[in-house]
Amino acid sequence: MIRSLPRLTALLVAGLLINAPLFAQEAKSGAKAVATVNGVAIPKNRADALLGEQLAQGAPDSPEMRTMVREELVRREILTQESKKKGFDKKPEVIGQIELARQALLIRAYLQDYVKSHPVSDDMAKKE
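In numbering that gives the first Met the number 0, the protein residues as written are 0 to 127.
As structure tokens, then:
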């Protein structure tokens, strides 16, 4: 149960999350966006990344999964916009956490690329 938020605020947030798809507009067919929330486009590459995470966890690729990914991104965009309105993106502790997450992603991408470009053969593994 959320104790730090007044009950009305919690109910409003829950209602917002439930109705998030209603606030999103379909992106124009030629655009590289999956939806637009309050004038902010959600890029297709973000949807591809989230879908990739779901597929890596064993979820099947289906129209329903793609709809769920789109709706989740819309909910995230709505909450991100609200968070920015409250100034959380300017708070030092949040900025620090964002930078740590950014570093972790860059490191992961670098290591994945390194492993891909430097494969270990069976002979090399046996030598070690």
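Each residue gets a CB set at the ideal place from its N, CA and C atoms; glycine is no exception. Please read all numbers here as calculations on a predicted model, not as lab measurements.
Q. What are the boundary residues of the alpha helix (DSSP H) that includes residue 58?
A. For this step, residue 58 is matched to residue 59 along the sequence shown. Neither: residue 58 is in no alpha helix (DSSP H) and is coded neither H nor E.
Q | Residue span of the alpha helix (DSSP H) that contains residue 91, given as start and end | A | Here residue 91 is taken as the residue at index 92 of the sequence shown, counted from 1. It spans 91–116 - the alpha helix (DSSP H) in which residue 91 sits, taken as one unbroken run.
Q) Grouping DSSP H, G and I as helix and E and B as strand, with all else coil, what is residue 33? A) Taking the first residue of the sequence shown as 1, we reach residue 33 at position 34. Reduced to three states, the DSSP call for residue 33 is strand.
Q) According to DSSP, what are the bridge partners of residue 41? A) For the purposes of this step, residue 41 is identified with residue 42 of the sequence shown, where counting begins at 1. Its beta-bridge partners are 34.
(Q) Taking only three categories from DSSP, how would you classify residue 51? (A) The residue given as residue 51 occupies position 52 in the sequence shown. If DSSP states are grouped into helix, strand and coil, residue 51 belongs with the helices.
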